[in-house]
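These notes are about the structure you will find just below.
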Amino acid sequence: MAEIEKKPYILIVDDDPDILEGIRTILESRSYRLATARDGKKCMEMIGQEIPDLLILDLLMPRMDGWGVIREMRSEPRYAHVPIMVLTTVIEDASRRRYELETGMAIDIQDYVQKPANPADLLLRVEKLLKIHV
Amino acid sequence: MFEVKSRSLSVTVERLRRSEIFRELCDEDLIAIAEFCREVSYQEGEIVLSESAPADTLYIVERGKLALEKKIQIGRHSTPRNATIGYVEAGKIAGFSTLSVPHEYSTSAMCLEPTRGIAVDGEALRHYLETHPAAGLKVMKILAALISSRYRNATNTLTYFLSIVSHELRSPLAAIENYLQTMLAGFAGELNPKQKRMVERSILRVADLRALIGDVVDLARMRPEQIQADFEWCNPGEVGTESIEDVRLAAAEKNIRIMVEPPEKFEPIVGARRRLRQVFTNMLNNAIKYSPPDSKVFFRAWYEPEAVVFEVEDEGPGIPEEDLPHIFKNFFRASNVEQVQGAGLGLSIAEKIIEAHQGKILARNVTAEIGKTGTRFTVYIPRDLKTPEMRRHEWMAAEAEQPLEESR
Numbered sequence: 008m009a010e011i012e013k014k015p016y017i018l019i020v021d022d023d024p025d026i027l028e029g030i031r032t033i034l035e036s037r038s039y040r041l042a043t044a045r046d047g048k049k050c051m052e053m054i055g056q057e058i059p060d061l062l063i064l065d066l067l068m069p070r071m072d073g074w075g076v077i078r079e080m081r082s083e084p085r086y087a088h089v090p091i092m093v094l095t096t097v098i099e100d101a102s103r104r105r106y107e108l109e110t111g112m113a114i115d116i117q118d119y120v121q122k123p124a125n126p127a128d129l130l131l132r133v134e135k136l137l138k139i140h141v
Numbered sequence: 351m352f353e354v355k356s357r358s359l360s361v362t363v364e365r366l367r368r369s370e371i372f373r374e375l376c377d378e379d380l381i382a383i384a385e386f387c388r389e390v391s392y393q394e395g396e397i398v399l400s401e402s403a404p405a406d407t408l409y410i411v412e413r414g415k416l417a418l419e420k421k422i423q424i425g426r427h428s429t430p431r432n433a434t435i436g437y438v439e440a441g442k443i444a445g446f447s448t449l450s451v452p453h454e455y456s457t458s459a460m461c462l463e464p465t466r467g468i469a470v471d472g473e474a475l476r477h478y479l480e481t482h483p484a485a486g487l488k489v490m491k492i493l494a495a496l497i498s499s500r501y502r503n504a505t506n507t508l509t510y511f512l513s514i515v516s517h518e519l520r521s522p523l524a525a526i527e528n529y530l531q532t533m534l535a536g537f538a539g540e541l542n543p544k545q546k547r548m549v550e551r552s553i554l555r556v557a558d559l560r561a562l563i564g565d566v567v568d569l570a571r572m573r574p575e576q577i578q579a580d581f582e583w584c585n586p587g588e589v590g591t592e593s594i595e596d597v598r599l600a601a602a603e604k605n606i607r608i609m610v611e612p613p614e615k616f617e618p619i620v621g622a623r624r625r626l627r628q629v630f631t632n633m634l635n636n637a638i639k640y641s642p643p644d645s646k647v648f649f650r651a652w653y654e655p656e657a658v659v660f661e662v663e664d665e666g667p668g669i670p671e672e673d674l675p676h677i678f679k680n681f682f683r684a685s686n687v688e689q690v691q692g693a694g695l696g697l698s699i700a701e702k703i704i705e706a707h708q709g710k711i712l713a714r715n716v717t718a719e720i721g722k723t724g725t726r727f728t729v730y731i732p733r734d735l736k737t738p739e740m741r742r743h744e745w746m747a748a749e750a751e752q753p754l755e756e757s758r
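If you're matching them up, the sequences are chains A and B in order. The numbers in our numbering rise by one with no breaks, and the one at position 50 of the first sequence is 57. The numbers in our numbering rise by one with no breaks, and the one at position 251 of the second sequence is 601.
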């Protein structure tokens, strides 16, 4: 039991099941505990049950999009500290601008990766983000 | 949504007169039309009318704002999305399809803020205009002007559509690339050398396709103002390094060495960082594509008093002299490169980006100078460009001086 508790818990959110499987396959090579969600609503539900050590988040999704998830996470003190890595096909300046237009605030995320993610690079970034959190 | 019976006909007449569509009509017409009007109000987020539903009501907005939206779905698997193609503000109308066959709404309209207005019964209005041709003609003239202005807006709509198309095309590619990279890195088991080679080739081909989709979309929305809006201070050395990183795999594939000759020190310049990277990456990719295996590509940069200069030179076959004047045109490909993949958009995009920077991009063959074949692309970027922030400050300073000049 104690063994499981120690593994960092990563929640991956993307509406594309193939992306989920690809990212999962890469991250499974490390000692992480992984969970996935297909949309923003489900993501918030799962975070309500257990707060992840890292959130890997797509932006364009049905039900609630990634910008919505970031907004909710950052306005809820219990989740505000969770590092967020955005992983999307949307270019970075466009997403930042959209978030600023919608909220009047700068987007508070810890990393931004444009798809497709290079596996070795992804692992490095994930490791780094998990350290920030600890 | 709730409705209230018009308080009085004369009030409604005055309100109708203020709308763009009925402003030319006489009192008699307006009184008749007021008979089949009702007051409406909507809350933020409410749908006022739906695309392709029967158009039975014309809406005049008096306060608030509606967004006109069209549903876009590309392919069977993609999520349908709503693209905003225009807005309807106070005095304007929504639902002009009410007046044109086949009486189906051509867009949806959604409330952006609490909105109040008048709903005019479509069937009654059509009947009135048919039986009162003078009024009908006035309304139709205004309607024609309105539709023609919406038509001019079509460029914006196209840009929006393209950005969605591009996302829908890129998403499946990203999934494929992700799987291929995962396999190549051995996360799904060891590959034998032949499988590894095939996966490597697939990654390159898919990356080409992704770049091509990006190019087609970029070309459609590449306007100087859009590029200039992204101007910021950036280190051209860093941008160049990113571009080299972009082409590393393609260069390794043909065993081409990129020889970098930077200036002693890079000074920051104002420019659209992501776009400049696109230009350099494109120049390097071009050079690599047209170079023979095991050759060198030179990437140089230096400063002149007025400009920073970037140069990419290859040891390829050169560009036929008769083709040189055309290489920056859309979809142009030189006559001697049939075996090389490409759509011929890269250079025209590069030129558009450099022009937005008030710079220039030149191409020439260097065969005579270096004693072997080769092409050299040179980009000049002025060093005195301004960020939007700097321009705003200048404008404000000029405004502040204005009254002084007038009083002189």
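Glycine residues also receive a C-beta, built at the ideal position from the N, C-alpha and C atoms.
Within chain B, the residues placing a beta-carbon under 7 Å from that of A124(A) are N528, ordered along the chain. The bridge partners DSSP lists for C50(A) come to none. Taking a cut-off of 8 Å on C-beta distances, the stretch 458–465 of chain B does not touch the stretch 362–371 of chain B, as fewer than three cross pairs fall below it. Non-local beta-carbon contacts of V97(A) in its own chain, meaning distances under 6 Å to residues more than five positions away in sequence, involve L66 in chain order.
Residue environment: C387(B) is assigned as buried (16 or more neighbouring CB atoms within 10 Å of its CB, all protein chains considered).
In the three-state reduction of the DSSP assignment, V451(B) falls in the coil class, being assigned neither a helical nor a strand state.
Within chain B, no residue has its beta carbon less than 7 Å from that of I114(A); the closest one is some 17 Å off.
I139(A) is outside the set of residues whose beta carbon lies under 7 Å from a beta carbon in chain B. Boundaries of the beta strand (DSSP E) harbouring L399(B): I397 to L399, taken from the DSSP string. Three or more Cβ pairs drawn from the stretch 40–50 of chain A and the stretch 10–30 of chain A lie within less than 8 Å of each other, which places the two stretches in contact. Around I58(A), no beta-carbon contact reaches into chain B at under 8 Å, the shortest distance being about 27 Å. Between the alpha carbons of P618(B) and E575(B) lies a distance of about 22 Å. Inclusion of K415(B) and Y437(B) in the CB contact set at 7 Å is warranted, their separation being smaller than that value. Using a CB distance below 8 Å, the part of the stretch 616–647 of chain B facing chain A consists of R624, ordered along the chain.
Within the DSSP bridge table, the entry for M460(B) names I397(B) and A417(B) as partners. One thing to note: G467(B) has its Cβ within 7 Å of the Cβ of V411(B). Counting C-beta pairs closer than 8 Å gives fewer than three between the stretch 543–550 of chain B and the stretch 576–584 of chain B, which falls short of the contact rule. In this structure, the alpha-carbon of E401(B) lies about 42 Å from that of Q531(B). Burial is judged here by how many other beta carbons sit within 10 angstroms of a residue's own beta carbon; Y501(B) has fewer than 16 and is exposed. Cβ proximity to chain A below 7 Å picks out Q531, T532, A535, F537 and A538 from the stretch 530–545 of chain B.
P732(B) is bridged by DSSP to A657(B).
Residue pairing by DSSP places K13(A) in no beta bridge whatsoever. G666(B) and S641(B) do touch by the CB rule: their CB atoms are close to 5 Å apart, below 8 Å. No Cβ of chain B is located within less than 7 Å of the beta carbon of I19(A).
Within the same chain, Cβ atoms closer than 6 Å to the Cβ of G73(A) are found at L64, D65 and L66, the five residues on either side in sequence being excluded. Per DSSP, D673(B) lies in no beta strand (DSSP E) segment and is marked neither H nor E. Residue pairing by DSSP leaves A113(A) without any beta bridge partner. Here DSSP, grouped into helix, strand and coil, assigns R40(A) to strand.
By DSSP's assignment, V20(A) forms a beta bridge with A44(A) and L64(A).
Distance from the Cα of K48(A) is smallest, within the candidate group L129(A), M92(A), M71(A) and Y39(A), for M71(A).
V567(B) sits buried, since 16 or more C-beta atoms from the chains shown fall within 10 Å of its C-beta. For K135(A), the number of other beta carbons within 10 angstroms of its own is below 16, and it is reported as exposed. Contact of R520(B) with chain A by beta-carbon distance below 9 Å involves T96 and K122. Measuring C-alpha to C-alpha distances from T737(B) to each of C376(B), W583(B), S593(B) and P612(B) identifies W583(B) as the nearest.
Contact annotation for T32(A) against chain B: T532, F537 and A538 [CB-CB distance below 7 Å, chain order].
Proximity to V398(B) across D377(B), G445(B), L375(B) and P430(B) peaks at G445(B), based on C-alpha coordinates.
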